[in-house]
Amino acid sequence: MKDRILVLLVFLGYLQSSIGCPNRTGPDSSDFFKTKNCDDNCTFKYRKISKSTIGAFPTSCETVCADIVIDQNSELTEEQLTAAFKNMKHLIGEFYVYCTEFTNARFFAGLESIETDFSQITWEDNYRMEELGLTNLTSITSAGMIIWSGVAMKRLNLPNLKAARTTSPKYAEVRIETINMNSNFCITFNEMENLMSIDNVDLTFIDAIYCTPTPEDKICTTPVEGCTRIYGDVEIGPAFDLKTMKSVELIFGTLIINGTELSNLSFLENLKYVAPLGYKPAFLATPARGERKFAIIIENNPNLVNYTFPKLKRARGDESYIIVLDNNNEELLYNYEMCEQLKNQLNTTKNPTIDGSTCYSIQWKAASRDASRKNWIILGLIISAGVLALIITLIACCCCCKKSQRDKG
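As numbered in mature numbering (1 follows the signal peptide of the UniProt record, and there is no 0), residues -20 to -1, 1 to 389 make up the sequence shown, in order.
Below, the structure is given as structure tokens:
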């Protein structure tokens, strides 16, 4: 069935190509180039790369200012593109590759950095592409990178991407997305570790699985003492040996802490990253695969009073709330400072949720409870003062009565 769906998607891609993809003209980045002080001799003046314009590409420059727009009408071979880009290490300009017949993009293999204006780095409807192959790309400065409809893609092959900075006026994070991919499209553990090490990357929309572990990955599939990387979900229950988690730095799966007597999470003293994969959203005739995954689930731990992590830096999941706490110590629902501490620790705009409440809701609940307590205290003081006044009045009355009786006597 999966093979039939893949054939259908590839056929649709070829049908679209035969009908013709949109003939997009590249954006005009001339103003952007001025702000970057581009060398005129290293600036590509055309707004699209094609058979008729590639001769003007500045092939001798390491830093090139150019709008890279390549499509099915470019009429260029991999060899021609490789020759044109052979010395280019740093690209300043828009980047859009769509509706091509290439099986990879290794003609960009020498590229080390890409900087766009406000747009995303886009790979779209390249129905034969099996991998990107930008093996030297280390950094991007962009609103994000999107790979759309890579129905033949098997691997990402971006082994060195370790830095990103956003240019978007709307988003604080750089969005890296893979959407409508081959069901077997996989990301290596090292690629995910590199992406997770980037502080401001949003990895919510990743349609992928993890590649099959190799001995070089040094991956454990179950927690054992001394292991630093675990592939698969880890569920910590009441009988779990906590010592096996002492050295763990990465969990390529969901972390679940359920039904324990723990009061804090200090036993996860080296955990830095948690990143499950495997959910595939439904698309056209393709059903969804699996369920949306949270990064961390903490539930049914009545003694838990501190849910912050000693060294956790990032977590990714398929939901807008990547860390979920339910049915733990009730006081957690009123601890706004702890919620914000965890959110800031992960450097994300996504909230953890405590019994369904976000940090903002917790702040409101805590303030409401404090106000209610304050009102009760004030009411108590008023009542106490009233009672005291009544007692004093009664004592005074008694004294007056006794004095009156003595005077009469």
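Even for Gly, the Cβ is constructed at its ideal location relative to N, Cα and C.
Asked	Found
Alpha carbon of Thr328 to alpha carbon of Ala152, nearest angstrom	9 angstroms
Coarse secondary structure for Thr118, derived from DSSP in three states	coil
Which of helix, strand or coil DSSP assigns to Asp298	coil
Segment contact flag, the region 302 to 311 with the region 333 to 346, C-beta cutoff 8 angstroms, min 3 pairs	yes
Separation of Glu157 from Cys166, as counted between CA atoms	13 angstroms
Three-state secondary structure assigned by DSSP to Cys18	coil
With 16 other Cβ atoms within 10 Å as the buried cut-off, status of Arg145	exposed
Helix, strand or coil at Gly124 according to DSSP, with G and I counted as helix	strand
Status (buried if at least 16 other CB within 10 Å, exposed otherwise) for Gly270	exposed
Host beta strand (DSSP E) of Phe75 (start-end)	75 to 78
Of the listed residues Lys273, Thr234, Phe247, Lys28, nearest to Val254 (C-alpha basis)	Thr234
Span separating the alpha-carbon of Leu222 from that of Ala275	19 angstroms
Residue from Leu312, Asn324, Leu284, Thr288 whose Cα sits closest to the Cα of Asn238	Leu284
Element boundaries [alpha helix (DSSP H), containing Asn286]	Per DSSP, Asn286 belongs to no alpha helix (DSSP H) and is neither H nor E.
Cut-off 6 angstroms between Cβ atoms - residues of its own chain near Ala85, not counting five sequence neighbours on either side	Leu112, Gly113
Start-end ranges of the beta strand (DSSP E) lying completely within the region 216 to 259, minimum 3 residues	230 to 232, 235 to 238
Residue from Ser300, Thr96, Arg349, Arg294 with nearest C-alpha to Tyr316	Arg349
Proximity below 9 angstroms, CB of Leu257 to CB of Lys273	yes
Residues that Trp103 bridges to, as DSSP identifies them	Val77, Ile127
Reference Thr118, options Asn180, Lys69, Ile126, closest by Cα	Lys69
Own chain, CB closer than 7 angstroms to Pro261, minus 5 neighbours either side, in chain order	Asp187, Ala268
C-alpha distance - His129 paired with Lys345, whole-angstrom precision	Reading the sequence as shown, one finds Ser at residue 129 and not His. Rounded to whole angstroms, Ser129 to Lys345 spans 44 angstroms at the Cα level.
Between the CA atoms of Ser364 and Met176 - distance to the nearest angstrom	58 angstroms
Between the CA atoms of Phe185 and Val(-11) - distance to the nearest angstrom	Confidence is the limiting factor: at Val(-11) the pLDDT is only 44, short of 50, which leaves the residue's position unreliable, though a coordinate-based value still follows. If you take the alpha carbons of Val(-11) and Phe185, they lie about 22 angstroms apart.
Alpha carbon of Leu248 to alpha carbon of Gly217, nearest angstrom	14 angstroms
Rounded straight-line distance, which links the Cα of Pro290 to that of Tyr78	44 angstroms
Coil, strand or helix - Glu92 by DSSP	coil
Inter-residue Cα distance where the pair is Cys378 and Asn286	56 angstroms
Bridge-paired residues (DSSP) for Phe263	Thr266
Close beta carbons around Asn281, own chain, < 6 angstroms, minus the five adjacent residues each side	Thr240, Leu242, Asn308
Segment limits, beta strand (DSSP E) that includes Thr62	Where Thr62 is concerned, there is no enclosing beta strand (DSSP E), although the alpha helix (DSSP H) it sits in stretches over 58 to 65.
Alpha-carbon to alpha-carbon, Lys293 and Asp197	21 angstroms
Buried/exposed call for Ser246, threshold 16 Cβ in 10 Å	exposed
Member of Asn3, Ala295, Glu173 whose CA lies at the smallest distance from the CA of Leu322	Ala295
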